[in-house]
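First comes the structure, then the notes that go with it.
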Amino acid sequence: MLNFLSSNPLSKNKKTIEKINSFYNIIKQYNNKELKKQTKKLKLILQKNQFNTTEIMPEAFATAKESIKRATGLLLFEVQILGAIALNNGNIAEMKTGEGKTIVAILPAYLNALIGKGTHIITVNDYLAERDYKLAIKIFEYIDIKVGLITNKTNYKIRQQEYKCDITYITNSELGFDYLRDNMSINQTDIVQREFYYGIIDEVDSILIDEARTPLIISGSAEVNSKKYSEAEKVSNNLIKNIDYEVDEKARNTTLTEKGTKKCEKILNINNLYNINNEWIKFIINAIKAKELFSINKEYIIKNDQVIIIDEFTGRIMEGRRWSDGLHQAIEAKENITVQPENKTLASITYQNLFLLYKKLCGMTGTAKTEEAEFDKIYRLSVIEIPTNKKCQRKDLPDLVYKSEYYKWQAIAKECFDMYKIGRPTLIGTTNIEKSELLAEMLDILQIPYNLLNAKPQNISREAEIISQAGKKSSITISTNMAGRGTDIILGGNANIMAKVELTSYIKKQYILNSNKNLKDNKINRLLGEIDTSFIKEDNIEIYIEKLINNDNLHKIEEKKIISIYNQILNEYKNICKKEKLEVIKLGGLYVIGTERHESRRIDNQLRGRSGRQGDKGASRFFLSLQDNLFRIFGGKKIENLMNTLNINDDTPIESIILSQSLNSAQKKVESYFYDIRKQLFEYDEIINSQRQAIYTERKKILESKFTRDCIIEYAENTIDEMLYIYNKGNKNEKNRILNQIFTLLNIKTKLDTNILIKMKLTEIRYFLYEQLRITYDLRENYLEQLRPGLIRKLEKYYLLQQIDQGWQEHLEKMNLLKEYIGWRSYGQQDPLIEYKNEAFNLFINMVTSIRQTVIYLIMRSRLIINI
Numbered sequence: 001m002l003n004f005l006s007s008n009p010l011s012k013n014k015k016t017i018e019k020i021n022s023f024y025n026i027i028k029q030y031n032n033k034e035l036k037k038q039t040k041k042l043k044l045i046l047q048k049n050q051f052n053t054t055e056i057m058p059e060a061f062a063t064a065k066e067s068i069k070r071a072t073g074l075l076l077f078e079v080q081i082l083g084a085i086a087l088n089n090g091n092i093a094e095m096k097t098g099e100g101k102t103i104v105a106i107l108p109a110y111l112n113a114l115i116g117k118g119t120h121i122i123t124v125n126d127y128l129a130e131r132d133y134k135l136a137i138k139i140f141e142y143i144d145i146k147v148g149l150i151t152n153k154t155n156y157k158i159r160q161q162e163y164k165c166d167i168t169y170i171t172n173s174e175l176g177f178d179y180l181r182d183n184m185s186i187n188q189t190d191i192v193q194r195e196f197y198y199g200i201i202d203e204v205d206s207i208l209i210d211e212a213r214t215p216l217i218i219s220g221s222a223e224v225n226s227k228k229y230s231e232a233e234k235v236s237n238n239l240i241k242n243i244d245y246e247v248d249e250k251a252r253n254t255t256l257t258e259k260g261t262k263k264c265e266k267i268l269n270i271n272n273l274y275n276i277n278n279e280w281i282k283f284i285i286n287a288i289k290a291k292e293l294f295s296i297n298k299e300y301i302i303k304n305d306q307v308i309i310i311d312e313f314t315g316r317i318m319e320g321r322r323w324s325d326g327l328h329q330a331i332e333a334k335e336n337i338t339v340q341p342e343n344k345t346l347a348s349i350t351y352q353n354l355f356l357l358y359k360k361l362c363g364m365t366g367t368a369k370t371e372e373a374e375f376d377k378i379y380r381l382s383v384i385e386i387p388t389n390k391k392c393q394r395k396d397l398p399d400l401v402y403k404s405e406y407y408k409w410q411a412i413a414k415e416c417f418d419m420y421k422i423g424r425p426t427l428i429g430t431t432n433i434e435k436s437e438l439l440a441e442m443l444d445i446l447q448i449p450y451n452l453l454n455a456k457p458q459n460i461s462r463e464a465e466i467i468s469q470a471g472k473k474s475s476i477t478i479s480t481n482m483a484g485r486g487t488d489i490i491l492g493g494n495a496n497i498m499a500k501v502e503l504t505s506y507i508k509k510q511y512i513l514n515s516n517k518n519l520k521d522n523k524i525n526r527l528l529g530e531i532d533t534s535f536i537k538e539d540n541i542e543i544y545i546e547k548l549i550n551n552d553n554l555h556k557i558e559e560k561k562i563i564s565i566y567n568q569i570l571n572e573y574k575n576i577c578k579k580e581k582l583e584v585i586k587l588g589g590l591y592v593i594g595t596e597r598h599e600s601r602r603i604d605n606q607l608r609g610r611s612g613r614q615g616d617k618g619a620s621r622f623f624l625s626l627q628d629n630l631f632r633i634f635g636g637k638k639i640e641n642l643m644n645t646l647n648i649n650d651d652t653p654i655e656s657i658i659l660s661q662s663l664n665s666a667q668k669k670v671e672s673y674f675y676d677i678r679k680q681l682f683e684y685d686e687i688i689n690s691q692r693q694a695i696y697t698e699r700k701k702i703l704e705s706k707f708t709r710d711c712i713i714e715y716a717e718n719t720i721d722e723m724l725y726i727y728n729k730g731n732k733n734e735k736n737r738i739l740n741q742i743f744t745l746l747n748i749k750t751k752l753d754t755n756i757l758i759k760m761k762l763t764e765i766r767y768f769l770y771e772q773l774r775i776t777y778d779l780r781e782n783y784l785e786q787l788r789p790g791l792i793r794k795l796e797k798y799y800l801l802q803q804i805d806q807g808w809q810e811h812l813e814k815m816n817l818l819k820e821y822i823g824w825r826s827y828g829q830q831d832p833l834i835e836y837k838n839e840a841f842n843l844f845i846n847m848v849t850s851i852r853q854t855v856i857y858l859i860m861r862s863r864l865i866i867n868i
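First residue of the sequence shown: 1, per the UniProt record's numbering; consecutive thereafter.
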């Protein structure tokens, strides 16, 4: 048993771990058939004890542990089992980089999959989902559990099958969009998801914190105002910063000054820019934002004549994502490329409310402790720090701060030069493409070889290869943010990936050149020279090699030869990497250089965490300047004054405890600021979420209903009640008018003097109208049934769903507008949130009333022309 268990808060799990290990000692003796039977046995026990997993947890974990051992050869450490227990108990397990989080998720996923309601393992991108799925298939094959995978490429028809699997690997965006699409379906057969039961979120901080500010939106095209975007872009170029408009970098917002407003009105030849019927203000503000706050190779890149967003937290490109409210179009106009149509929101949800749909939720990451309060308040998730298997030996050196950015980059380049000369592998983390390319150019001048990994497509395609070599001796790797990369940096190099890359690259080259030259430079090249590629007919060599390596049932002699050569190359690389690892450890391990402090300490910790993996030696240091965004926006003046007072040279860095404290304080301020934004977003979305759930529940009821007549009658009776409520408050003339309106709405043809009805009691009027409604509807139903049997039910369902969807889409637009202007209420000493809640309630009631009335009006008047 590990020593930390006695003093660690998790020591209470000591007995549970002992139970798991005692079961494991029995189960490891089983043959493969007996191991497979474990799943059936555990399911039967679960059924007997009403699906309470507590009793079977130790045995289930032991079963999964043995399955992992047989599939991968890896025996789980006790800290990994602790992580699995934390996940099963609905917590966030904070496990450092390289501690095997992917494998840890297998244990709780297996246990909860036995219930049969489905388990989702949610990752940040398709690459990680596919990678983890391939590993899971091998493991779960031993214990008879079906595993599914959903990525951006997954066919819509196949999705239903994948969701029905015991365990499904999926990305967060696909999960969200499938949920929204399901709630827009017009046929029950089109629904792909089951109810959300158990979810394990990988890189939980990235999904629940970083992505929380951006709601998921399904949109349809609206009309294009490309001329207005181009015109607004020209206007913004005539405006001068700090004279015509002001920029708030902290809030990432811009405002026009009085002078700027007048200038815009003059250029556009309009009287009032802020007139409620004038659209120009939105276009101009977006054009200024595009000009001042969004830069190419920082917030976005241009690819195939399109503006593609770069994720600020991971440095990856986000294909298919667009900024909303016309901002994306403003950037397209700025870059002088085709302006795409504006989008109209059809359905939306925030990740915060999406993941709160799970009955049981947990997550894992290397960095969550700094956001502990937010996880607890919004998601009711506790963060549990899981100790590392081996003590971390990384040294986090004090930050070096330079007066100007120029001298900072000079110092970083010199540091890279020194590390390259001594052979120490170095990873340099940059915040955007522009900065990564600047350093690359400086290293070119110094003639230092390096690998560059940023959001540009040519670099992303080599991601696994670049990271696999980042721990090799003398390697210099420049990378934009390192979150969610999914590949560990192994000292000496990653033999498995290097062997695969070598084989793929050689076969691809021979396949294109259609030649097979024997290379005799070294042993690896000589082995490659023995491969015959003439029989390969595949288009995608990467996928073909992946299948070859992972497939045990090879039939062709040539394929068996390739795998035999691959295994020899792999062994060769293992020997090379093992030898290099010892040399790198002597040099101090991987050295991580941060070039700028991020807005969140968590992102900095992710970069640092790449070094010191699994007890390896390592070091990290941040090189900063007073011109960095964090200093500039959040108070670097004090430090600048200190440097001026001390008369420090531009090329001399300062390093002090006061400085580090000031930086941490600035980061805490930023974290607190963005937490407030996310909290506010959550509070506002909670209001619309309760409305969303009501609408989606109603839709589901209609979709599942085989007899929608009851729903129509219910809508009609509710409409009668609502109109009679107003009738009861009116005078004689108003009562007459309302009764005539009810007759018209329900298409009641009865010739009856309304004055007779007015003399009746309200209850009698209600029952009379209910009766007339049923008679009229029976006649309509008989008429339509004679024309085509079953038609009335289809019409009912069509009108109900069509009007609900249309009403909801219009409601979303109104809610967006409401959110935009509700903030002004604070100037009248009113709480915007309470005002938003009240207004939202009134809008929702109006929407529901409108849906009911429109459905009744349409169904009572539907006519059908039959072509004979």
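C-beta atoms are modelled at their ideal positions from N, C-alpha and C, and glycine is treated no differently.
Rounded to the nearest angstrom, how far is the Cβ of residue i from that of residue j, given a contact under 8 Å?
| i | j | result |
| --- | --- | --- |
| Leu111 | Phe177 | About 28 Å; that fails the 8 Å criterion. |
| Asn91 | Cys362 | 6 Å |
| Gly429 | Leu587 | Their Cβ separation, rounded to whole angstroms, is 20 Å, which puts Gly429 and Leu587 out of contact at 8 Å. |
| Ile167 | Ala136 | 7 Å |
| Ile218 | Ile122 | With 8 Å as the limit, Ile218 and Ile122 do not qualify as a contact, their Cβ atoms being about 19 Å apart. |
| Leu400 | Leu624 | 7 Å |
| Lys729 | Ile758 | That pair is no contact at about 14 Å. |
Does any C-beta atom of chain D lie closer than 8 Å to the C-beta of residue i?
| i | result |
| --- | --- |
| Thr72 | The chain labelled as chain D is not found in the depicted structure, where only one protein chain is given. |
What does residue i pair with, by DSSP beta-bridge criteria?
| i | result |
| --- | --- |
| Asp202 | Met364 |
| Asn253 | Asp248 |
| Gly807 | Partner(s): none; Gly807 has no beta bridge. |
| Glu385 | Glu94 |
| Gln393 | Lys617 |
| Asn451 | Thr477 |
| Val307 | Ile302 |
| Tyr591 | Thr426 and Ala619 |
| Ile296 | Tyr300 |
Excluding the 5 residues flanking residue i on each side, which residues of the same chain have their C-beta closer than 6 Å to its C-beta?
| i | result |
| --- | --- |
| Pro108 | Ala84, Leu87 and Asn88 |
| Ser600 | Glu671 |
| Asn152 | Asp126 |
| Phe682 | Gln352 and Ile378 |
| Thr345 | Ile217, Ser219 and Leu812 |
Give the secondary structure of residue i by DSSP, where H, G and I count as helix, E and B as strand, and everything else as coil.
| i | result |
| --- | --- |
| Arg621 | strand |
| Ser479 | strand |
| Thr708 | coil |
| Val192 | coil |
| residue 903 | Past the edges of the chain, shown from 1 to 868, lies residue 903, and the structure says nothing about it. |
| Ser404 | coil |
| Lys241 | strand |
| Ile217 | strand |
| Leu149 | strand |
| Ser169 | In the sequence as presented, Ser is not what sits at residue 169; that position holds Tyr. DSSP places Tyr169 in strand when its eight states are reduced to three. |
| Ile56 | coil |
| Ile654 | strand |
Here's a check: name, in chain order, each residue in its chain whose Cβ is nearer than 7 Å to the Cβ of residue i, leaving out the five neighbours to either side.
| i | result |
| --- | --- |
| Ser230 | Ala333 |
| Ile859 | Ile712, Leu795, Glu796 and Tyr799 |
| Arg861 | Asn747 |
| Ala495 | Leu570, Tyr573, Lys574 and Cys577 |
Looking only at its chain, what residues have a beta carbon closer than 8 Å to the beta carbon of residue i, apart from the 5 residues adjacent to it on each side?
| i | result |
| --- | --- |
| Ile648 | Lys403 and Ile654 |
| Thr53 | Leu46, Ala60, Asn88, Leu111, Asn112, Leu114 and Ile115 |
| residue 869 | No information on residue 869 is available, as it lies outside the stretch 1 to 868 that the chain covers here. |
**OP:** Give, in chain order, every unbroken run of the beta strand (DSSP E) that is at least 3 residues long and sits entirely within the stretch 313-382.
**Re:** 343-349 and 360-365
**OP:** Write down every uninterrupted run of the beta strand (DSSP E) in the stretch 71-139 whose length is 3 residues or greater and which is fully enclosed by it, in chain order.
**Re:** 92-94 and 119-123
**OP:** Can you check the stretch 521-582 for any alpha helix (DSSP H) of at least 4 residues that lies completely inside it and give the ranges in chain order?
**Re:** 523-528 and 541-550
Subject >> Start-end ranges of the beta strand (DSSP E) lying completely within the stretch 729-792, minimum 3 residues >> reply: none
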